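The UniProt record's numbering numbers the first residue of the sequence shown as 1 and each following residue consecutively.
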Amino acid sequence: MHEDEPDHDEDLVARLVAAQFPRWAGLPVRPVPSSGTDNAMYRLGEALAVRLPRRPGAAADIAVEAHWPAVLAPHLPVTVPVPLEVGEPAAGYPWPWSVHRWLPGRNPVPGRLVEPVRLARELAGFVNALRAVPPAAGAPRAGRGVPLAARDAPTREALAQLARLGPAAEPVDVPALTEVWEAALALPAAAGEDRWLHGDLAPGNVLVTDDGQLSAVIDFGGLGVGDPTVEQQVAWNLLPAEARGAFRDALGVDDAGWRRGRAWALSVALIQLPYYRHTNPVLAANSRLVIAEVLADHARHG
């Protein structure tokens, strides 16, 4: 998926586990199909999972995931992953890696949610619970917990890439998207104190039960303290239009804050689409969904 991604397979995982955590040696290893971009995942037996970072930035997140989710977990309404062990680089694999409990559930699929309004309220409950935890001394800064202006350069570069591709390759309305983005940049900056945020609330990082109830939020590599506006991207990458009002009401977001959150979803989608359009079809399709939903909402509400 990435040019600098190291090779990995079942044999590598088995060798890493046997050498460093021999109590689990001999358990069967099998890859987990996933649209995740930062970590490759393998089942280890039936109860465990191994996560291997795919690139250096994700490897640096191991230290965050090894400590802070355990601190936050008692305050959150759903399960979050807490590593059982952190492995060391070995066997040709260059970075730390981790072993987790396998969490049951499935990723929700946009457009096929069982009870979208209920899920919207449950997701808002998770965000509110995370925000309510006072930031601790030494808490990491969230990479996405920044003002929209800090996203301007990469967002405009993504727009330029899509323009170069042209409508035959990616039929997106670049001028209209630029208008939405520039309108968002003109909004007043977010007020209030920095809070804890997950940073990447998206279908692939959410688990639900068979009846659609939120059961877990996973992948805390982007966890940190900052402006939590980015958490609203889940309203656009997962929730249908009819459920967004419940999500917004539960968060208590004003008009400017809602438009900033919409712009965050747009920025993430725009940057992802040209990068993953050939290597990650699921993520590329979700990016196109977000772009379409944002444009439709902008046409209705400005």
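Backbone N, C-alpha and C define an ideal beta-carbon position, used for all residues, glycine too.
Bear in mind the structure is a predicted one, so any value in this text is a computation, not a measurement.
Please report the straight-line C-alpha distance between Trp68 and Pro167, rounded to a whole angstrom.
44 Å
Ignore the nearest five residues each way along the sequence and tell me which others in Ser287's own chain have a CB closer than 7 Å to its CB.
Ala269, Gln272, Leu273
Per DSSP, which one or two residues make a beta bridge with Val99?
Its beta-bridge partners are Val50, Glu85.
Counting along the chain, where does the alpha helix (DSSP H) carrying Arg30 start and finish?
Careful: Arg30 lies outside any alpha helix (DSSP H), inside the beta strand (DSSP E) at 29-31.
Buried or exposed for Glu182, please, with buried defined as at least 16 other CB atoms from any protein chain shown within 10 angstroms of its CB.
exposed
Report the option in Asp38, Gly145, Ala58, Gln20 whose CA atom is closest to the CA atom of Leu283.
With respect to the C-alpha of Leu283, the residue from Asp38, Gly145, Ala58, Gln20 having the closest C-alpha is Asp38.
So which of Val109, Ala149, Glu170 has the shortest CA-CA distance to Leu159?
Glu170
When burial is assigned at 16 or more other CB atoms within 10 Å of the CB, is Ala136 buried or exposed?
exposed
Hey, how far is the Cα of Leu16 from the Cα of Gly45?
Near 15 Å, if we compare the C-alpha coordinates of Gly45 and Leu16.
Let me know the beta strand (DSSP E) ranges lying completely inside the region 260-294, each 3 residues or longer, listed in chain order.
none
Report buried or exposed for Glu231, applying the criterion of at least 16 other Cβ atoms within 10 angstroms of its Cβ.
Of the residues assessed, Glu231 falls on the buried side of the cut-off, its CB having 16 or more other CB atoms within 10 angstroms.
Along the alpha helix (DSSP H) that carries Phe44, what are the first and last residues, could you check?
According to the sequence provided, residue 44 is Leu. The question's Phe does not apply to it. Note, Leu44: premise wrong, no alpha helix (DSSP H); beta strand (DSSP E) at 39-44.
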